[in-house]
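Peer 1: Quick one: structure below, then a few questions.
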Amino acid sequence: MNPVIADPSGTAARAEQWLARAKCSACKRSFTCLPEVLYPRRQYQLDVVAEVVAEVSLGDSSAAAAAREVGASPTSARRWVNWVAGLGSPSELLRVAAWIDPAAPVGIGLSRHAGDGVCARAARVLDALEQLGAALGRRGVALAMRSGLGRVLGWQRSYFGDVVSLVSEPKVLSPAMALGGAPRGP
């Protein structure tokens, strides 16, 4: 497998990794054993996607320029912006962040992303994901990824078994499931 990951300095790099495979003795299905830092069914990992979406929605970069920095296509960058914009409601994400960490000042700075366009919505969702990811970290949840997008989707994968895909349904993440019960400890 050759995923594109964000290295510690934040630079996107293609990493060749050997991944172990296992087989279920009951159903005889084989599966790949993924480390926590790799999200299933993604060549470009979530921290890299978050970086590109931030460049396009928060910065002054075009989709083509942001994609070129990580070796992706402009079409992928535009698809990622649309995907993040449709992931969920910023108010729902902030509600979960406030539930997880009631002392945190959630929602601060969200209004600076005015507008009804896809980029403005993606910026609001990214901002809310950052706040929710930070709340999870303050709560003591061990998170392998560094972006809010990576931390929240990684948390949902490791604690609840949910994988939010770019192309198949459901496309919307469900932070509300956390309100039914506290996430397990670190």
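Heads up, the sequence shown is in this note's numbering, so the first residue is 536 and it goes up one at a time. Beta carbons: idealized from backbone N, C-alpha and C, even for Gly.
#1: Cβ atoms of Ala585 and Ala601: under 7 angstroms apart, would you say?
#2: For the alpha helix (DSSP H) holding Ser565, just list the boundary residues, first then last.
#3: Which value, in whole angstroms, describes the spacing of the CA atoms of Leu684 and Gly650?
#4: In the structure shown, what three-state DSSP assignment does Ala639 receive?
#5: Tell me whether Arg673 sits in a helix, a strand or coil according to DSSP, three-state version.
#6: Could you tell me how far apart the beta carbons of Ala541 and Val588 are, in whole angstroms, since I believe they sit closer than 8 angstroms?
#7: Classify Ser608 as buried or exposed, calling it buried when 16 or more other Cβ atoms lie within 10 Å of its own Cβ.
#8: Secondary structure at Cys556, three-state DSSP: helix, strand or coil?
#9: In chain order, what residues of the same chain have a beta carbon less than 6 angstroms from the beta carbon of Ala547, not counting five sequence neighbours either side?
#10: Assuming Trp690 contacts Leu671 (C-beta within less than 8 angstroms), just tell me the rounded distance between them.
Peer 2: For this structure:
#1: no
#2: That residue, Ser565, is in no alpha helix (DSSP H); its beta strand (DSSP E) goes Ser565 to Thr567.
#3: 21 angstroms
#4: coil
#5: helix
#6: Contact flag wrong, Cβ pair sits at about 13 angstroms.
#7: exposed
#8: It is worth fixing the name first, because residue 556 is Arg in this sequence and not Cys. Residue state, collapsed to three classes: strand.
#9: Val539, Ala541, Val583 and Val605
#10: 6 angstroms
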